[in-house]
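See below for the structure under consideration.
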Amino acid sequence: MGEGMKLRYLALPALVLLCSAGLAYAGHSYSKVELSETSSMCLNCHDEKAVSLENSLHRITEVTDMTSAIAIGCVNCHDGWAEHVEDPSPENIETAARLSFSGQVDLCSRCHITLHQSSMVSSDPHGRVEIGCIECHSVHSNVNEHLVKDDSDNYCAVCHTSVAAEFKRRSAHPLESGNVRCVDCHMLDGTEDQLLAVGLDWRCQNCHSDLSGPFLYEHPVVYAHLVEGGGCTECHQPHGSPNDRLLKQPGDGVCLQCHGTPPVHRIAHAGIATRFACVDCHSDIHGSFDNKKLLDPALGAKMVFDCSECHVLGD
Amino acid sequence: MDMKLTRIFVMLSGIVLLSWSAANAGSGSAKLSLGYTYLDEEGNLSVNQSTFNLYGDPTVSIEDILYRFDNGLRLRADLTNIIMNNRNLTLGFDKAGLFGVRMHHNQYRRFYSFDGSSFTRRHRSGGELWVRPHRYLKFFGGGSYVGKSGQMVDLFDAASTATIDVDYTQTYYNGGAHVNYEGRMFRAEFRGSDFTNNEDASRNQNCTSILLTAGGPLPKYDFVSVLGGFRRFATKYDSSGLELTSNRGWGGASLRLPENFSVKYSFVFDRTGSDSDLVKTDNVSHAVYATHTWPHLAYLTAGYQKDYNDDFEAQVQSNSFYFAGWLMPIKSLEFRAEVGTRAEEVTDGVRLVGDEDHFRHKFTAKYRCRDNGSLTLGVDSRTRTNDMLGSESEFTRFTGQLEARIAEYGNFTGGYVYSQGDFENKEQTFEFADHTLFGDITSRECHNAIVGFGATYYQSRRDLDVVKSSLRFSGAYRFLEFYHLEVKYSVFNFDDFLYTDQFDEYYTGNIVEMKITRDISL
């Protein structure tokens, strides 16, 4: 069926990409001297703000500093400074907290045009429900990496409380011990759409290459691309599970989601195959180099009799 | 190898700090702590216990190291459990708008057998570097080395004496450039990895990917922003040449319209192929969302997504609908809701799992009191139905969380989550109902002392009978201006009441962690 894919589905996307070519300048920037002068004015009244940025990557650039490629000053972020100097009312100066989602994106994107930042505008679910930059990041009095408000490994739990509770289940990824972080798997780089499930499931492979294949004999579910809950998560609950090894169901349950017990398992050798868990024999469940039925290549040696004496286990 | 890395890390920290201190005046701070962890464990250590990465030994840590030089350079480091096998070390050095370097090393182990004799240990070391030679241009790169070795036991059989040896290493590296020009960006990156299996050389493989991304507002139409990219991914076995490749183009556009309306569109095209068995897949996905915002009052979005999945056996088309919104009738009260559906239909050919329907919804209400905390209540549910397989799975979850801050007494954070799952397969059903209760109380500082108490209780019933709980008592005392004494006593318990043989699944752990910390000015 692969050859039958209609290329017309690509026409519109290609057009959008073509439109993105030939971008032009449409913004405002300050020279280092301008930034320094305006910042000096601000600090006449707000010197505590400079102190709050002292240890941060947003530290106000000294006019004598010739090494930094980017100069930072108060007016980079706070619009309306000229009016504010004339009339120092809090209403006259812009702060991120008063901006809408798109206003915050506009503000931060003056410097931060990253995949993460751009995706907030296009496909990220946070952007879709108007969760702006300052929900997770803060600038003043913050020395955390990426200026996240809290750099603890499970900071996301502040909003995702029910997901955080999954990490307290019987088996769980080691988030609470600090060995993995939410962002190790949930890469907020705009290449995935979590809610409507667009994305190849390569996240698991970052740590579990030994199980990722490709295998000579694949278990197709591992490559169930773009299906909600497909791939690894068809059988595993990645945050935490009431069962061992993050499995969705105990014992044979995960197998029976898609497979029935073959009749021969009930009949042959007095139904011996029904007395074991499926994976006791089909141990190469992620994929096999040995046989199409994903059986343990050493199965014969494990059993009281050698299956391969009568059965061809290979392809 | 690991101790060597630790020494390198500590030496590097010292050398960097001393040399730059000598050359540039500055100021900084750090916390040096010495401690001891006492472990008393009994029962099935297994992979499930929360204490898997604790060791009963003396500990040395230097944490929260922050040194800022007068010229704006900044050093940050966290060296936790330096001399132990659960060490976690990071060291970074940067200057705003110029460059940044970060190195890290950590490791942990997981038990698999009842008595802890079978375990694996994973360690990860690496570093990242970025340099910005010009305000519009940034180069970045990095690499990491991961190793895992040890023994595992068969799944579902903690009592098994048969072990499986694991010994592999992975090397990752990446590099690229990022151009950022007044609201527009272009990024090119190369990533590679090598996997070496020391138990079976035929599993050795390498993986490469190339990623190109561009985006920004359209010229003369800055109410339209576009973002798109391409990625090529290939993984290949060294010995057999068996290869899996994936080419993906993706993009999106966002239109900001008058009256707080906006429209977003995104697409993905992905073609994955392999010369192994049963893999050749095309995917196309289009999604469009329309939104309207009533500033500071409400927000509403509606979306539609169409997916085409075409592989060696079938073509599947999916239609998805999505609705979400929030309402803030008053500033301190917020309601959020999401509903999504997805219907997958096999339009050509046959696939094992046939047609399938998905439905999910989520609703949360949050009350925030600026000075005293917040209360969150939520419910969410996911359902998957497959008539051909005769299977249905359903998850429902109720969540409540309270954060309370009372200046006179201290802080409380606690919550309760009830979740249930029902699986109906053709031959077998499985149900579970989970209760998770957790809470932490921390007192305010009084006579230089803070005390805390925390508890977690997890129970899974119906077709399972599992209880997992922990109690945590902690105390901290500040003395002689620069010193802190911290003591934490934790009790962990785990029982699986369905196992009744000699290897019944139980675990009890009593753990005392003590440390004395000195604040250091640098």
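Chains as they are written, first to last, in the working numbering: chain B, 2 to 316; chain C, 11 to 532. Just so it is clear, CB atoms sit at the ideal spot from N, CA and C, and this is done for glycine as well. Predicted model, so just to flag it, every value in this text is computed and none were measured.
Span of the alpha helix (DSSP H), counted from its first residue to its last, around residue i
i: V265/B; result: P264 to I268
i: G254/B; result: G254 to L257
i: L36/B; result: K33 to C46
i: C78/B; result: C75 to C78
i: E167/B; result: T162 to E167
i: C183/B; result: C183 to C186
i: C279/B; result: C279 to C282
Residue i, enclosing beta strand (DSSP E) - first and last residue
i: H494/C; result: Y493 to D506
i: N116/C; result: F109 to F121
i: N189/C; result: For clarity, residue 189/C is Val in the given sequence; the question names Asn instead. From DSSP, the beta strand (DSSP E) with V189/C extends over T173 to Y191.
i: H358/C; result: Per the sequence presented here, residue 358/C reads as Asp, with His not at that position. Unbroken beta strand (DSSP E) run through D358/C: L343 to G359.
i: N56/B; result: Taken as a continuous stretch (DSSP letters only), N56/B belongs to no beta strand (DSSP E), as it is neither H nor E.
i: D88/C; result: R84 to T90
i: V64/B; result: Counting along the chain, V64/B falls outside any beta strand (DSSP E), and DSSP gives it neither H nor E.
i: D74/C; result: P68 to F79
i: D50/C; result: G36 to G53
i: T527/C; result: Y516 to S531
i: C217/C; result: Q215 to L228
i: E98/C; result: Residue 98/C is actually Asn in this sequence, not Glu. Its beta strand (DSSP E) spans residues N98 to K105.
Neighbourhood of residue i by C-beta, 6 Å cutoff - its chain only, sequence neighbours within 5 removed
i: L55/C; result: F121 and G126
i: Q238/B; result: L247 and K249
i: Y517/C; result: G53, N54, Q59 and F504
i: S37/B; result: V64
i: S21/B; result: Legend: pLDDT at S21/B = 41, less than 50; position of this residue unreliable, no value from coordinates given.
i: A312/C; result: A300 and F333
i: G350/C; result: Y332 and R370
i: V326/C; result: N319, E354 and V356
i: N435/C; result: S401
i: R528/C; result: L42, F492 and Y493
i: I75/C; result: A40 and A87
i: S256/C; result: F243 and T282
Of the listed residues the options, nearest to residue i (C-alpha basis)
i: S429/C; options: Q469/C, T439/C and A417/C; result: Q469/C
i: S159/C; options: N207/C, Y183/C, V189/C and G153/C; result: N207/C
i: S484/C; options: S453/C, Y191/C, R472/C and L508/C; result: S453/C
i: F442/C; options: N421/C, Y467/C and T406/C; result: T406/C
i: L474/C; options: P221/B, D297/B and G252/B; result: G252/B
i: S233/C; options: F271/C, L85/C and N257/C; result: Just to set this straight, residue 233/C is Phe in the shown sequence, not Ser. Of the listed residues, the one whose Cα sits closest to F233/C is F271/C.
i: S276/C; options: L222/C, I451/C and A297/C; result: A297/C
i: S521/C; options: S480/C, R266/C and F408/C; result: Just to set this straight, residue 521/C is Ile in the shown sequence, not Ser. With distances taken between Cα atoms, I521/C lies closest to S480/C.
i: F240/C; options: S384/C, D365/C and F196/C; result: F196/C
i: G110/C; options: E348/C, N98/C, G82/C and L447/C; result: G82/C
i: V159/B; options: G519/C, T181/C and K376/C; result: K376/C
i: H187/B; options: D125/B, V140/B and A278/B; result: D125/B
i: S119/B; options: L139/C, G238/C and E51/C; result: G238/C
i: G335/C; options: L343/C, A324/C and E348/C; result: E348/C
i: R97/C; options: E73/C, R78/C, R112/C and K105/C; result: E73/C
Other residues of its chain near residue i: CB distance less than 7 Å, five sequence neighbours each side excluded
i: E523/C; result: G45, T47 and K498
i: S242/B; result: R170, R171, S172, L248 and K249
i: E219/B; result: G288
i: D105/B; result: One point to set straight first is that residue 105/B is Gln, not Asp, in the sequence displayed. Excluding sequence neighbours, Q105/B sits near A97, G133, C134 and I135.
8 Å CB neighbourhood of residue i in its chain, flanking five on each side removed
i: G185/C; result: F149, F150, G151, G152, E199 and F200
i: G66/C; result: T47, Y48 and L49
i: D48/B; result: none
i: K290/C; result: T282, G283, S284, D321 and F322
i: G107/C; result: R142 and R145
i: F168/B; result: N155, H174, L176, E177, H240 and G241
Cross-chain neighbours of residue i in chain A, by beta carbon under 9 Å
i: K436/C; result: Absent here is chain A; the protein component of the structure consists of chains B and C.
I'd like the ranges of any alpha helix (DSSP H) spanning at least 4 consecutive residues and lying wholly in the segment 87-159 of chain B. 102-109, 116-123 and 126-129
Please name the residues in the segment 471-504 of chain C whose beta-carbon is closer than 7 Å to at least one beta-carbon of chain B, in chain order. Within the segment 471-504 of chain C, the qualifying residues are L474, V476 and K478.
List, from N- to C-terminal side, the beta strand (DSSP E) runs of 3 residues or more that fit wholly inside the segment 443-483 of chain C. 459-472
Select from the segment 84-107 of chain B all residues with a C-beta closer than 7 Å to any C-beta belonging to chain C, and list them in chain order. S101 and S103
Select from the segment 335-362 of chain C all residues with a C-beta closer than 9 Å to any C-beta belonging to chain B, and list them in chain order. G335, W336, R346, E348, G350, R352, E354, D358, G359, R361 and L362
What are the residues of the segment 32-66 of chain C that lie near chain B, defined by any Cβ-Cβ distance shorter than 8 Å? V57, N58, S60, F62 and N63
At what residue ranges does the segment 361-390 of chain C contain a whole run of the beta strand (DSSP E), taking only runs of 3 or more? 366-379
Could you run through the segment 255-281 of chain B and flag, in chain order, every residue whose CB is less than 7 Å away from some CB of chain C? L257, Q258, C259, G261, T262, A278 and V280
Proximal residues, the segment 49-76 of chain B versus chain C, C-beta separation under 9 Å: E55, N56, S57, L58, H59, R60, T62, E63, D66, T68, S69, A70, I71, A72 and I73
For the segment 155-166 of chain B, which residues have a CB atom closer than 8 Å to at least one CB atom of chain C, in sequence order? T162, S163 and A166
What are the residues of the segment 403-430 of chain C that lie near chain B, defined by any Cβ-Cβ distance shorter than 7 Å? R407, T409, Q411, G425 and V427
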